[in-house]
Amino acid sequence: MGIGKILKNNGIRVVEAKRFGTPGIYERFDGISRNGEREQFTATIDGSEIAFHPKGETTPPDFRFTPYDRLHPETAQPLHDDALLSELAARMADAPARWGKYRFDAMGIPAAYTYLGQLIAHDLTWDKAHANGCPSRFRPATLDFGSVSHGNGPAPQTTSGCPGEFTLGRTNAGRPDDLPRGADGDPRLADTRNDQNLTLSQLVVLVTKFYQVCAAQSTGQPDAALTARRHLQWIVLHDYLPRVIDPVVYRDVMASGEWPLLGEGAGLVPIEFAAASFRLGHAMVRYRYPHWRQGGSGASLRDLLRFTHHSASSRLVETGDGKRLPDDWTVDWALLLPGDHAPGLSASIDENLAHTLFALPDTIGDCLASAPPPQGTGTGTINLAEHTLLRGNHLHLPSGQSLSAFAHARLRTAGAAPLPRRLPTPRLAQTRSPELAAFLASESAAALRSDTPLWFYFLREADIHASGQHFGPLASRITMETIYRAIWNDPEGILRRDFKPDIASLHGRFDLKALHDHVRTHWKPVT
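Counting from 1, position 329 in the sequence shown corresponds to residue 329 in the working numbering; the numbering is continuous, with no gaps.
Quick look at the structure:
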């Protein structure tokens with residue numbers, strides 16, 4: 001059975017499902033599924049919480065529902081033959097494009113924000129309801145950084161009844177500068193995807209230290225975790241999003257406090273966000289960071305992928321307590337954040353991906369929760385471009401042109417700031433790589449020009465409208481509204497409460513650099 005979806009019930013338009021670890025397609029609650037098997041479900045609405053259970057049986061421990069919504073009705077069938085999309089991915093990987101000839105910097109996005117975006121994506125698509133034995137419930141998508149705060153080990157109980165902890169692991173030299181790990185190096189995290197690469201796992205370490213600082217300074221405060229969460233939400237809303245979102249879109253959503261494109265509904269993550277618009281973050285990844293480690297040494301993306309448990313050729317080292325991160329492979333955040341020096345930058349957002357992304361280890365997992373894992377090539381690797389294009393095709397995502405027309409109509413009806421018209425067909429083929437441009441202009445690629453795969457359309461939109469310096473207008477609208485609403489969905493979050501950061505910053509505002517500086521000044525190992 002394929003990736004599942006419930007089309008509509010009590011306002012839930014799409015829910016991807018895994019039943020007993022196997023993806024299933026459940027189209028209606030009356031039990032008729034595409035593969036002819038009968039499944040009966042009932043939906044229990046408990047306030048804003050939504051529970052799904054098979055009729056007549058107890059939900060087993062491995063029963064999973066990860067909910068997604070749809071902005072645009074799904075296509076009746078995949079838009080393209082898989083072979084054509086595989087050919088497009090192969091042309092994206094052609095030399096010299098893959099060796100960086102057409103790669104540029106995103107001048108306003110220091111490299112650390114690439115991985116903050118990945119952490120945000122994981123938190124929004126993390127299966128919160130089943131982490132650590134929590135009740136089998138689903139709430140509207142909420143950016144609360146629970147994927148960081150909920151661990152696997154023994155921990156105190158939070159007010160929700162779910163175990164939560166903020167612990168660190170030690171490097172091979174005994175310093176608390178890594179994720180907590182088991183004997184074989186496996187990350188003791190609620191969301192193990194946060195060990196997909198070393199920069200991401202080091203960001204989790206930084207966030208964990210920030211939680212610990214808030215706890216140490218929380219005398220007289222009821223909830224240090226809430227304080228930390230609100231500061232992180234502030235960084236996302238006032239620091240991260242202004243860097244990656246089209247400024248017209250950002251100002252419109254911030255001024256209105258509304259999400260007219262998403263519309264009313266259950267507040268679930270749109271599949272167009274999870275499978276297309278927020279995957280523009282992959283384009284921001286560099287194949288090498290000239291200055292990354294303590295002492296100023298650089299790191300290639302391949303290095304960063306190997307210092308994880310996910311890598312088949314993991315470079316975690318054996319110690320008496322198990323596999324641990326080498327002490328000289330901890331990040332120096334000052335090299336990846338703005339400061340007195342020019343920071344390392346993210347790559348420009350366009351179709352010229354870092355060449356390492358065309359041969360990722362097939363153990364890396366995926367940030368679209370509940371979908372099947374990426375399909376390997378038979379060589380132990382996956383081509384990320386091919387995987388993303390095929391995934392969108394199998395999810396029946398609309399073309400970029402169709403979604404653009406749909407968004408125009410909905411925003412016009414709502415009286416929101418209009419979007420530019422859809423991308424001109426000739427411009428779609430005018431890529432920086434002449435090899436890719438020749439393929440896109442060919443007769444065999446005519447279907448790609450008229451019905452452009454959504455993720456590739458967003459890559460071209462960012463290049464055409466913003467020279468790769470931030471997301472294009474349509475991807476910005478989807479991304480901004482999704483994340484803004486996810487912060488609003490937190491009843492104790494910064495959009496529902498009168499909150500201003502109370503952490504001093506030398507440069508006058510609280511952002512990711514200020515968080516790092518605060519941790520560097522105030523963090524002490526927890527004894």
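Virtual Cβ for every residue (Gly too), placed ideally from N, Cα, C.
Burial state of Gln77, where buried means 16 or more other Cβ atoms lie within 10 Å: For the purposes of this step, residue 77 is taken as the residue at position 77 of the sequence shown. When all chains shown are included, Gln77 counts as exposed.
Inside the stretch 264 to 311 only - alpha helix (DSSP H) runs reaching at least 4 residues: 271 to 275, 301 to 306
Through-space distance from Ser297 to Asn197, alpha-carbon basis: Translated into the one-based positions of the sequence shown, residue 197 becomes position 197. Translated into the one-based positions of the sequence shown, residue 297 becomes position 297. Their Cα atoms are separated by approximately 17 Å.
8 Å contact criterion, which Asp511 and Ile235 should meet: CB distance rounded: The residue you call residue 511 lines up with position 511 of the sequence shown. The residue you call residue 235 lines up with position 235 of the sequence shown. That pair is a contact at about 6 Å.
Proximity of Ala486 and Leu262 at Cβ, strictly below 7 Å: The count along the sequence shown starts at 1 and reaches residue 486 at position 486. The count along the sequence shown starts at 1 and reaches residue 262 at position 262. Not closer than 7 Å, so no.
Cβ-Cβ distance between Leu397 and Asp69 below 7 Å: In the sequence shown, counting from the first residue as 1, residue 397 sits at position 397. In the sequence shown, counting from the first residue as 1, residue 69 sits at position 69. No, the Cβ-Cβ distance between Leu397 and Asp69 is not below 7 Å.
Contact set for His282: own chain, Cβ-Cβ below 7 Å, skip 5 residues either direction: Residue numbering aside, residue 282 sits at position 282 when the sequence shown is read from its first letter. Same-chain partners within the cutoff: Leu353, Leu357, Leu384.
Nearest-angstrom beta carbon gap, His122 and Asp191 [assumed within contact, 8 Å]: As a working mapping, residue 191 is identified with position 191 in the sequence shown. As a working mapping, residue 122 is identified with position 122 in the sequence shown. The Cβ separation is near 5 Å, so the contact holds.
Length of the line joining the Cα atoms of Ala148 and Arg230: Here residue 148 refers to the residue found at position 148 of the sequence shown. Here residue 230 refers to the residue found at position 230 of the sequence shown. A small fix is needed here, since residue 148 is Val in this sequence, not Ala. Distance between the alpha carbons of Val148 and Arg230: 14 Å.
Opening and closing residue of the beta strand (DSSP E) in which Arg497 lies: The sequence position of residue 497 within the sequence shown is 497, counting from 1. It is not in any beta strand (DSSP E) - Arg497 carries neither H nor E in the DSSP assignment.
Limits of the unbroken alpha helix (DSSP H) element including Arg524: Here residue 524 refers to the residue found at position 524 of the sequence shown. Going by the sequence as given, residue 524 is Lys instead of Arg. Taken as a continuous stretch (DSSP letters only), Lys524 belongs to no alpha helix (DSSP H), as it is neither H nor E.
Cα-Cα separation between Ser311 and Gln202, rounded to whole angstroms: The residue given as residue 311 occupies position 311 in the sequence shown. The residue given as residue 202 occupies position 202 in the sequence shown. When rounded, the distance between both Cα atoms is 16 Å.
Under the three-state DSSP convention, the category Leu226 falls into: On the sequence shown, position 226 is the one that residue 226 refers to. Leu226: helix per DSSP, three-state reduction.
Segment contact flag, the stretch 282 to 292 with the stretch 399 to 413, C-beta cutoff 8 Å, min 3 pairs: no
Rounded Cβ spacing between Ala462 and Ile364 (contact assumed at less than 8 Å): On the sequence shown, position 462 is the one that residue 462 refers to. On the sequence shown, position 364 is the one that residue 364 refers to. No, Ala462 and Ile364 are not in contact; Cβ-Cβ is about 24 Å, not under 8 Å.
DSSP-derived helix/strand/coil call for Arg324: The residue labelled residue 324 in the question sits at position 324 within the sequence shown. The answer is strand: DSSP assigns Arg324 an E or B state.
Thr413 - DSSP class collapsed to helix/strand/coil: The residue labelled residue 413 in the question sits at position 413 within the sequence shown. In this structure, Thr413 counts as helix in the three-state DSSP scheme.
Whole alpha helix (DSSP H) elements within the stretch 386 to 438, 4-residue minimum: 400 to 414, 425 to 428
Limits of the unbroken alpha helix (DSSP H) element including Leu116: Numbered from 1 along the sequence shown, position 116 holds the residue referred to as residue 116. Counting along the chain, the alpha helix (DSSP H) containing Leu116 begins and ends at 112 to 125.
Sub-7 Å separation of Thr199 and Tyr115 beta-carbons: As a working note, residue 199 is residue 199 in the sequence shown. As a working note, residue 115 is residue 115 in the sequence shown. Yes, these two residues count as a Cβ contact at 7 Å.
Cβ-based neighbour list, Ser402, same chain, cut-off 7 Å, excluding 5 preceding and 5 following: To locate residue 402, count along the sequence shown from 1; it is residue 402. Result list for Ser402: His72, in chain order.
Start and end residues, alpha helix (DSSP H) containing Glu481: By one-based count along the sequence shown, residue 481 stands at place 481. Element bounds for Glu481: 473 to 488.
Residues near Trp523 by beta carbon distance below 6 Å, same chain, minus five either side: The residue given as residue 523 occupies position 523 in the sequence shown. Lys209, Val213, listed in sequence order.
Integer-rounded CB distance, given that His470 should sit under 8 Å from Asp246: Counted from its first residue, the sequence shown places residue 246 at position 246. Counted from its first residue, the sequence shown places residue 470 at position 470. Right, their Cβ atoms sit about 6 Å apart.
Short Cβ contact (7 Å threshold) for Pro260 with Leu411: Mapped onto the sequence shown, residue 260 falls at position 260. Mapped onto the sequence shown, residue 411 falls at position 411. Yes, Cβ-Cβ distance for Pro260 and Leu411 is below 7 Å.
Reduced DSSP secondary structure (H/G/I, E/B, other) of Leu71: As a first step, residue 71 is located in the sequence shown; it is residue number 71 there, counting from the start. Leu71 falls in the coil class under three-state DSSP.
Member of Leu301, Arg306, Gly320 whose CA lies at the smallest distance from the CA of Ser314: Mapped onto the sequence shown, residue 314 falls at position 314. Cα-wise, what sits closest to Ser314 is Arg306.
Strand pairing of Ile382, partner residues [DSSP]: In the sequence shown, counting from the first residue as 1, residue 382 sits at position 382. BP columns for Ile382 point to Leu360.
Reduced DSSP category for Asp511 - H, G, I as helix; E, B as strand; rest coil: Position 511 of the sequence shown, counting from 1, holds the residue named residue 511. Asp511: coil per DSSP, three-state reduction.
Boundaries (first-last residue) of the beta strand (DSSP E) holding Glu87: Position 87 of the sequence shown, counted from the start, is the residue given in the question as residue 87. That residue, Glu87, is in no beta strand (DSSP E); its alpha helix (DSSP H) goes 82 to 92.
Assigned secondary structure, Asp463 (DSSP; H/G/I helix, E/B strand, else coil): Here residue 463 is taken as the residue at index 463 of the sequence shown, counted from 1. In this structure, Asp463 counts as helix in the three-state DSSP scheme.
Cβ-based burial, Asp517 [other Cβ within 10 Å; buried from 16]: Within the sequence shown, numbered from 1, the residue matching residue 517 stands at position 517. Buried: at least 16 other Cβ atoms inside 10 Å.
Residue closest to His291, alpha-carbon to alpha-carbon, out of Pro525, Pro343, Val207: Walking along the sequence shown from the start, residue 291 turns up at place 291. His291 has its Cα closest to that of Pro343, out of Pro525, Pro343, Val207.
Pairwise C-alpha distance: His394 and Gly320: Here residue 320 refers to the residue found at position 320 when the sequence shown is read from its first residue. Here residue 394 refers to the residue found at position 394 when the sequence shown is read from its first residue. Between Gly320 and His394, the C-alpha separation is close to 46 Å.
Residues near Ser300 in its chain [Cβ-Cβ closer than 7 Å; skip 5 each side]: Taking the first residue of the sequence shown as 1, we reach residue 300 at position 300. For Ser300, where only same-chain residues beyond five positions count, the Cβ hits under 7 Å are Tyr287, Arg288.
Closest residue to Ile483 among Ser277, Arg188, Gly400 (Cα-Cα distance): Looking up residue 483 in the sequence shown gives position 483. Nearest C-alpha to Ile483: Ser277.
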